[in-house]
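Student: Going by this note's numbering, the first residue of the sequence shown is number 9, and it counts up by one from there. Note that beta-carbon positions come from the ideal geometry of N, C-alpha and C, so glycine has one too. One structure follows; several queries about it will come next.
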Amino acid sequence: MPTAAERAILEYVVETGYLVVRLKKLAKQVLAGSPPLSSQEETSFRQEIAEKWFHLGCDQCTSPVPIEDIPVAIESGVALCPRCRPLEVDVGLADSCAIVPRIRIDNTKPAPDR
Ligand SMILES: [Zn+2]
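This is the structure we're talking about:
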């Protein structure tokens with residue numbers, strides 16, 4: 009049985025039509041959990057789906073991309089590991105960043121003269 013992260017990838021590639029019909033059928037079969045794959049189907053699944061979609065190297069440093077991030081990477085067409093990604097993505101997470109309060113203060117009315 010696929011892990012939750014693998015299921016997410018399978019569902020994603022099935023929905024988006026990345027798989028040819030034969031592989032799509034296999035992926036759906038694995039997601040459904042039945043009927044069991046024949047050994048030939050299992051080999052096919054492993055070689056043509058699992059090896060291709062469950063492992064992804066970072067575009068910049070070739071570190072592996074965490075499996076949870078693979079659907080996003082497939083969708084965006086950019087595979088980046090957490091180390092290479094922050095510059096681009098962390099903007100939305102900046103609430104917890106120490107810089108933010110300072111910016112907020114700078115944006116308020118000018119301090120009165122003393
Ligand atoms: Zn990287």
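Can you look up PRO10 in the DSSP assignment and give me helix, strand or coil?
Tutor: Coil.
Student: Between which two residues does the alpha helix (DSSP H) holding GLU50 run?
Tutor: Taken as a continuous stretch (DSSP letters only), the alpha helix (DSSP H) holding GLU50 covers 47 to 53.
Student: CYS69 and ARG91 look like a contact to me (Cβ under 8 Å); what is the Cβ gap, rounded to whole Å?
Tutor: About 7 Å separates the two Cβ atoms, so the contact holds.
Student: Sorry if obvious, but does the Cβ on SER71 come closer than 8 Å to a heavy atom of ligand 1?
Tutor: True, at least one ligand heavy atom lies under 8 Å from that Cβ.
Student: Can you give me the Cβ contacts of ALA35 inside the same chain, cut-off strictly under 8 Å, excluding the 5 residues immediately before and after it?
Tutor: For ALA35, where only same-chain residues beyond five positions count, the Cβ hits under 8 Å are LEU18, VAL21, VAL22, LEU27, PHE53 and ILE57.
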